[in-house]
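Following my numbering, the numbering of the sequence shown begins with 5 at its first residue and continues without gaps.
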Amino acid sequence: MQQQTSEQKKSIIDVWNKRPLIISGPCSAETEEQVLATATQLAATGKVDVLRAGIWKPRTRPGSFEGIGAKGLPWMAQAKKLTGLPIAVEVANAKQVQDALHFDVDILWIGARTTVNPFSMQEVADALKGVDVPVLIKNPINPDLELWTGAVERVSRAGVKEIGLIHRGFSSYGNTEYRNAPMWHLAIEMKRRNPGMMMICDPSHICGRRDILMDISQKAIDLDFDGLMIESHIDPDKAWSDASQQVIPERLGEIISGIQWRYETTTEKEFLYALEKFREQINQIDDELLLLIGQRMKIADMIGEFKKNNSITILQTNRWNEILERAFNKGEALGLSKDFITKYFDAVHMESINHQNKIMNS
Ligand code: PEP
Ligand code: MN
Numbered sequence: 005m006q007q008q009t010s011e012q013k014k015s016i017i018d019v020w021n022k023r024p025l026i027i028s029g030p031c032s033a034e035t036e037e038q039v040l041a042t043a044t045q046l047a048a049t050g051k052v053d054v055l056r057a058g059i060w061k062p063r064t065r066p067g068s069f070e071g072i073g074a075k076g077l078p079w080m081a082q083a084k085k086l087t088g089l090p091i092a093v094e095v096a097n098a099k100q101v102q103d104a105l106h107f108d109v110d111i112l113w114i115g116a117r118t119t120v121n122p123f124s125m126q127e128v129a130d131a132l133k134g135v136d137v138p139v140l141i142k143n144p145i146n147p148d149l150e151l152w153t154g155a156v157e158r159v160s161r162a163g164v165k166e167i168g169l170i171h172r173g174f175s176s177y178g179n180t181e182y183r184n185a186p187m188w189h190l191a192i193e194m195k196r197r198n199p200g201m202m203m204i205c206d207p208s209h210i211c212g213r214r215d216i217l218m219d220i221s222q223k224a225i226d227l228d229f230d231g232l233m234i235e236s237h238i239d240p241d242k243a244w245s246d247a248s249q250q251v252i253p254e255r256l257g258e259i260i261s262g263i264q265w266r267y268e269t270t271t272e273k274e275f276l277y278a279l280e281k282f283r284e285q286i287n288q289i290d291d292e293l294l295l296l297i298g299q300r301m302k303i304a305d306m307i308g309e310f311k312k313n314n315s316i317t318i319l320q321t322n323r324w325n326e327i328l329e330r331a332f333n334k335g336e337a338l339g340l341s342k343d344f345i346t347k348y349f350d351a352v353h354m355e356s357i358n359h360q361n362k363i364m365n366s
């Protein structure tokens, strides 16, 4: 392993502490030309602090491109030399940590499919013992803050000092507007639990498509995230992975320039900013509630079809009492009054009945 000089170490810490921290580069390193051209064009925007590229790609299904492997590391080292920008790659096991460090990768990140697995996390953490390299930890693919916290603890116990978080959204079943549901309140809770720990947002993997990257980036900045990791490719539509979410470097520059950066100045502004953050959280939770209620109605529709085909009545009193009783019990623990639960469930129930009525009589 090449030992970093203290000068190199100091400059990566300067970059690490920069706000906002902007990381960009292709989903995957594909060819030397692609890596170098993307890096040069990104550097030319003047908006990027760190170059990223996936070298080993954990893909959901076998048979797709699984990363170029260690032979892509010298390309990244070359990109660093050409642009002066530090480099970051994803690591998922001990060998990958060693290979990345051998090529002086400046920042390592742990992908969502690794954070989710305690065995893999422990292996990576063990490989990081005695190594002074900053590590970014993405949220696990499922909405579980304990797994995310556990990953942070493993890396921290290995002695890593610079640890940051990346919010990349959470996997959910069925088609939604996003590739990975942002569930902002979880990222906010993780921030609350880890005061002072950098939290950046990865809009690319939340959106899964390039047209809404700007909106999600702005939202993250409004919620006081410390930076962004956005995928960029010289020819996005021809990318070997995540083609639909990547943008050309020029567009990346436009997105970063288009964001309204929030700065704290006067007390009044601080107050308005804090208020806006709370309102943003409320909006996010309302959006998620609406999405869930919409999903509930879809299930009610399916039950309607089923009842129709089996000639059963819509209203089943026992079932309704059971729903209310469950909700009272759960609601009480959450500080929700019986009166509210009753009104809320009456409204939801009426909407369900209306939906089913339409189906029964269609
Ligand atoms: C990636 O950054 O290209 C990646 C694989 O992301 P995630 O771990 O968030 O799926
Ligand atoms: Mn990707």
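We put the beta carbon where it would ideally sit given N, CA and C, even for glycine.
From a predicted model like this one, the values you see are computed outputs, not experimental measurements.
Report task. Let me know if residue 79 comes out buried or exposed under the rule of 16 or more other beta-carbons within 10 Å of its beta-carbon. Result -> Indexing the sequence shown from 1 puts residue 79 at position 75. When all chains shown are included, residue 79 counts as buried.
Report task. Whole angstroms is fine: what's the gap from residue 159's alpha carbon to residue 134's? Result -> On the sequence shown, residue 159 is found 155 positions in, with the first residue counted as 1. On the sequence shown, residue 134 is found 130 positions in, with the first residue counted as 1. Take the alpha-carbon of residue 159 and the one of residue 134: they are about 11 Å apart.
Query raised in the report: What does DSSP give as the partner residues of residue 205 in its beta bridges?
Result: In the sequence shown, counting from the first residue as 1, residue 205 sits at position 201. The partner list for residue 205 (beta bridge, DSSP) reads 171, 232.
Report task. Compute the Euclidean distance between the alpha carbons of residue 280 and residue 225, then round it to the nearest angstrom. Result -> If you number the sequence shown from 1, residue 280 lands on position 276. If you number the sequence shown from 1, residue 225 lands on position 221. Between residue 280 and residue 225, the C-alpha separation is close to 12 Å.
Requested in this report: Kindly indicate if chain C contains any beta-carbon less than 7 Å away from that of residue 223.
Outcome: Within the model displayed, chain C is absent; a lone protein chain is all it includes.
Requested in this report: Taking 8 Å as the threshold, find out whether the segment 145-155 comes into contact with the segment 199-219 through three or more Cβ pairs.
Outcome: No: fewer than three Cβ pairs fall under 8 Å.
Query raised in the report: Would residue 137 pass as a contact of residue 167 if the rule is Cβ separation under 7 Å?
Result: The count along the sequence shown starts at 1 and reaches residue 137 at position 133. The count along the sequence shown starts at 1 and reaches residue 167 at position 163. The criterion of a C-beta distance shorter than 7 Å is not satisfied by residue 137 and residue 167.
Query raised in the report: Which whole-angstrom value describes the C-beta separation of residue 174 and residue 198, a residue pair presumed to lie in contact below a C-beta threshold of 8 Å?
Result: Locating residue 174 in the sequence shown gives position 170, counting from the first residue. Locating residue 198 in the sequence shown gives position 194, counting from the first residue. Actually they do not touch by this definition, with Cβ atoms about 18 Å apart.
Requested in this report: Compare the beta carbon distance of residue 112 and residue 141 with 7 Å and say whether it is the shorter of the two.
Outcome: The residue given as residue 112 occupies position 108 in the sequence shown. The residue given as residue 141 occupies position 137 in the sequence shown. Against a cut-off of 7 Å, the Cβ pair of residue 141 and residue 112 comes out as no contact.
Query - Segment limits, alpha helix (DSSP H) that includes residue 60 - result: Position 56 of the sequence shown, counted from the start, is the residue given in the question as residue 60. From DSSP, residue 60 is part of no alpha helix (DSSP H); its letter is neither H nor E.
Query raised in the report: If you measure from the CB of residue 205, is any heavy atom of the ligand PEP nearer than 6 Å?
Result: In the sequence shown, residue 205 corresponds to position 201, counting from 1. No - the ligand PEP has no heavy atom lying nearer than 6 Å to the Cβ of residue 205.
Requested in this report: Using the DSSP secondary-structure output, state which residues sit across from residue 216 in a beta bridge.
Outcome: Here residue 216 is taken as the residue at index 212 of the sequence shown, counted from 1. Bridge partners of residue 216: none, in fact.
Query raised in the report: Can you tell which of 278, 275, 245, 282 has its C-alpha closest to the C-alpha of residue 65?
Result: Looking up residue 65 in the sequence shown gives position 61. Taking only the C-alpha atoms, the option nearest residue 65 is 245.
Query raised in the report: How would you call residue 76, buried or exposed, if buried means at least 16 neighbouring beta carbons within 10 angstroms?
Result: Taking the sequence shown and counting its residues from 1, the one referred to as residue 76 is at position 72. Residue 76 comes out buried.
Report task. Compute every distance between the C-beta of residue 246 and the non-hydrogen atoms of the ligand MN, then say whether any falls below 6 Å. Result -> Sequence index remark: in the sequence shown, residue 246 carries index 242 (1-based). Yes, the Cβ of residue 246 comes within 6 Å of a heavy atom of the ligand MN.
Report task. Consult DSSP for residue 262 and reduce its assignment to one of helix, strand or coil. Result -> What you label residue 262 is simply residue 258 of the sequence shown in a count that begins at 1. Correct three-state label for residue 262: helix.
Query raised in the report: Which residue's Cα is closest to the Cα of residue 103: 85, 323, 73, 9?
Result: On the sequence shown, position 99 is the one that residue 103 refers to. The residue from 85, 323, 73, 9 with its alpha-carbon nearest to that of residue 103 is 73.
Query raised in the report: Who pairs with residue 114 in a beta bridge, going by DSSP?
Result: Against the sequence shown, residue 114 aligns to sequence position 110. Beta-bridge pairing by DSSP links residue 114 to 141.
Report task. May I ask you to check if the CB of residue 211 is nearer than 6 Å to at least one heavy atom of the ligand COA? Result -> With respect to small molecules bound, the structure shown includes the ligand PEP and the ligand MN and not the ligand COA.
Query - Alpha-carbon spacing of residue 43 relative to residue 29, whole angstroms - result: Looking up residue 43 in the sequence shown gives position 39. Looking up residue 29 in the sequence shown gives position 25. Using only the alpha carbons, I get a separation of about 7 Å.
Requested in this report: Using three-state DSSP, classify residue 28 as helix, strand or coil.
Outcome: The residue you call residue 28 lines up with position 24 of the sequence shown. When DSSP states are grouped into helix, strand and coil, residue 28 belongs to the strand group.
Query raised in the report: residue 122: buried (16+ other C-beta within 10 angstroms of its C-beta) or exposed?
Result: What you label residue 122 is simply residue 118 of the sequence shown in a count that begins at 1. Per the 10 Å Cβ criterion, exposed.
Query raised in the report: Where residue 41 and residue 118 are concerned, what is the direct C-alpha to C-alpha distance, given to the nearest angstrom?
Result: Taking the first residue of the sequence shown as 1, we reach residue 41 at position 37. Taking the first residue of the sequence shown as 1, we reach residue 118 at position 114. Residue 41 and residue 118: Cα-Cα distance of roughly 29 Å.
Query raised in the report: Grouping DSSP H, G and I as helix and E and B as strand, with all else coil, what is residue 96?
Result: The residue you call residue 96 lines up with position 92 of the sequence shown. In this structure, residue 96 counts as coil in the three-state DSSP scheme.
Query raised in the report: So is residue 236 buried or exposed if we call it buried at 16+ other beta carbons inside 10 Å?
Result: Working through the sequence shown from its first residue, we reach residue 236 at position 232. Residue 236 is buried by the Cβ-count criterion.
Report task. Using three-state DSSP, classify residue 338 as helix, strand or coil. Result -> Locating residue 338 in the sequence shown gives position 334, where the first residue counts as 1. Correct three-state label for residue 338: coil.
Query raised in the report: Quick one: Cα of residue 313 to Cα of residue 191, how far?
Result: Numbered from its first residue, the sequence shown carries residue 313 at position 309. Numbered from its first residue, the sequence shown carries residue 191 at position 187. Their Cα atoms are separated by approximately 44 Å.
Query raised in the report: DSSP on residue 135, reduced to helix/strand/coil?
Result: Working through the sequence shown from its first residue, we reach residue 135 at position 131. If DSSP states are grouped into helix, strand and coil, residue 135 belongs with coil.
Report task. Could you tell me if the beta carbon of residue 116 falls within a distance shorter than 6 Å of some heavy atom in the ligand PEP? Result -> For the purposes of this step, residue 116 is identified with residue 112 of the sequence shown, where counting begins at 1. Checking every heavy atom of the ligand PEP against the Cβ of residue 116, one is found closer than 6 Å.
Report task. Decide if residue 287 is buried, meaning its Cβ has at least 16 other Cβ atoms within 10 Å, or exposed. Result -> The residue you call residue 287 lines up with position 283 of the sequence shown. Burial is judged here by how many other beta carbons sit within 10 angstroms of a residue's own beta carbon; residue 287 has fewer than 16 and is exposed.
Query raised in the report: Taking the alpha-carbon positions, what's the residue 315 to residue 145 distance?
Result: For the purposes of this step, residue 315 is taken as residue 311 along the sequence shown, with counting starting at 1. For the purposes of this step, residue 145 is taken as residue 141 along the sequence shown, with counting starting at 1. Between the alpha carbons of residue 315 and residue 145 lies a distance of about 42 Å.
Query - C-beta contact flag for residue 58 and residue 71 at 7 Å - result: As a working note, residue 58 is residue 54 in the sequence shown. As a working note, residue 71 is residue 67 in the sequence shown. With respect to residue 71, residue 58 sits close: the two C-beta atoms are nearer than 7 Å.
Query raised in the report: How many Å lie between residue 359 and residue 179 at the Cα?
Result: By one-based count along the sequence shown, residue 359 stands at place 355. By one-based count along the sequence shown, residue 179 stands at place 175. It is roughly 21 Å from the alpha-carbon of residue 359 to the alpha-carbon of residue 179.
Query raised in the report: How many Å lie between residue 327 and residue 277 at the Cα?
Result: Here the question's residue 327 lines up with position 323 in the sequence shown. Here the question's residue 277 lines up with position 273 in the sequence shown. Those two C-alpha atoms are separated by around 40 Å.
Query raised in the report: Can residue 132 and residue 162 be called in contact, C-beta distance under 7 Å?
Result: Locating residue 132 in the sequence shown gives position 128, counting from the first residue. Locating residue 162 in the sequence shown gives position 158, counting from the first residue. Taking the C-beta atoms as reference points, residue 162 is found nearer than 7 Å to residue 132.
Query raised in the report: What's the C-alpha gap between residue 14 and residue 110?
Result: Here residue 14 refers to the residue found at position 10 of the sequence shown. Here residue 110 refers to the residue found at position 106 of the sequence shown. Computed Cα separation, rounded: 11 Å.
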